[in-house]
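Participant: Residue numbers (our numbering), protein chains in the order written: chain G, 68 to 183; chain V, 57 to 171. We treat Cβ as the ideally placed atom computed from N, Cα and C, and that holds for glycine.
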């Protein structure tokens with residue numbers, strides 16, 4: 068079965084540094100998402116991306132965050148200047164359609180980001 | 057605002073025992089409801105979903121969940137737990153008619169299975 072793959076599985080970075088988290092969604096999927104989970108807290112929606120633009124974003128997704136689909140296969144999340152509170156597990160997901168009714172999300176294994 | 061509550065952070069059951077994981081939601085109407093499971097080192101895997109119709113839904117790995125509108129609940133059940141069911145379980149709601157597949161998750165319940 069096709070999978071969403073995320074790299075790296077664990078990233079350690081210093082506060083203030085830029086970090087790029089990478090994802091390869093399922094090849095025929097059209098909608099892409101980032102979620103995150105701070106340790107002990109809920110899995111939170113960050114952003115959705117369709118047709119090469121952001122379709123929805125949460126209040127967490129401020130100017131420090133950006134997403135990009137640089138080619139036909141990768142989907143990236145960039146954090147420009149990391150803060151300690153950005154430490155979390157970041158999940159990439161994709162779906163064929165935009166409605167949870169008929170297009171369930173497929174999640175990657177996550178990237179654990181640790182900001183020191 | 058939509059929200060999901062999973063009141064049990066950590067549950068331990070014996071192998072072969074029955075299991076019920078609780079989930080309560082807050083939403084203005086009947087939402088789409090989901091249960092996901094995350095095994096160690098794995099991504100979130102969809103167990104089952106409820107959209108409408110029969111309030112008892114069957115999922116993969118022998119799990120089922122029952123939607124109770126009067127209680128705003130969507131509890132996950134399994135009659136006999138296997139050691140391989142040890143994982144973290146997440147309940148989630150999705151908005152009807154939303155533009156994208158945005159889900160609101162609970163904090164998760166970590167299930168441990170004793171031999």
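1. With residue 149 of chain V as the anchor, note down where its beta strand (DSSP E) starts and where it stops.
2. Thinking just about the alpha-carbon of each residue, which of G:126, G:183, G:173 is nearest to the one in residue 72 of chain G?
3. Among residues of its own chain, excluding the 5 on either side of residue 103 of chain G, which ones have a beta-carbon nearer than 8 Å to its beta-carbon?
4. Which runs of the alpha helix (DSSP H) fall wholly inside the region 116 to 159 of chain G and span at least 4 residues, in chain order?
5. Mark residue 124 of chain V as exposed unless 16 or more other C-beta atoms lie within 10 angstroms of its C-beta, in which case mark it buried.
6. Taking the alpha carbon of residue 141 of chain G as the point to measure from, which residue in G:169, G:151, G:175 has its own alpha carbon closest?
7. Among the candidates V:128, V:60, V:171, V:85, whose CA atom is the shortest distance from the CA of residue 138 of chain V?
8. For the putative contact between residue 89 of chain G and residue 143 of chain G, defined by C-beta atoms under 8 Å, what is the C-beta separation to the nearest angstrom?
9. Per DSSP, residue 73 of chain V forms a beta bridge with which residues?
10. First and last residue of the beta strand (DSSP E) that includes residue 123 of chain V?
11. Taking the straight line between their C-alpha atoms, what separation do you get for residue 136 of chain G and residue 101 of chain G?
12. Taking a cut of 9 Å between CB atoms, which residues from the region 87 to 102 of chain V lie near chain G?
13. Can you check DSSP and say which residues form a bridge with residue 81 of chain V?
14. Is there a Cβ of chain G sitting closer than 8 Å to that of residue 158 of chain V, yes or no?
15. Please confirm whether residue 154 of chain G has its beta-carbon closer than 8 Å to some beta-carbon of chain V.
16. Please go through the same chain and pick out, in chain order, the residues whose beta-carbon is closer than 6 Å to the beta-carbon of residue 72 of chain V, but skip the five residues on each side of it.
17. Between the beta-carbon of residue 130 of chain V and the beta-carbon of residue 79 of chain V, is there less than 8 Å?
Facilitator: Taking the definition as stated:
1. Per DSSP, residue 149 of chain V belongs to the beta strand (DSSP E) from 143 to 150.
2. For residue 72 of chain G, the closest alpha carbon among the candidates G:126, G:183, G:173 is that of G:173.
3. Result list for residue 103 of chain G: 110, 111, 113, 127, 155, 156, 157, 158, in chain order.
4. Whole alpha helix (DSSP H) segments, 4+ residues: zero.
5. Sixteen is the threshold: since fewer than 16 other Cβ atoms of the shown chains lie within 10 Å of the Cβ of residue 124 of chain V, the residue is exposed.
6. Comparing Cα-Cα distances from residue 141 of chain G to each of G:169, G:151, G:175, the minimum goes to G:175.
7. Ranking V:128, V:60, V:171, V:85 by Cα distance to residue 138 of chain V puts V:171 first.
8. Confirmed, Cβ separation roughly 5 Å.
9. According to DSSP, residue 73 of chain V bridges with nothing at all.
10. Residue 123 of chain V -> beta strand (DSSP E) spans 120 to 124.
11. Going from the Cα of residue 136 of chain G to the Cα of residue 101 of chain G covers about 13 Å.
12. Residues passing the 9 Å Cβ filter: 88, 90, 92, 94, 97, 98, 99, 100, 101, 102.
13. Residue 81 of chain V is bridged by DSSP to V:60.
14. Taking Cβ atoms only, chain G reaches closer than 8 Å to residue 158 of chain V, which makes this a yes.
15. No, no contact with chain V.
16. 136.
17. Yes.
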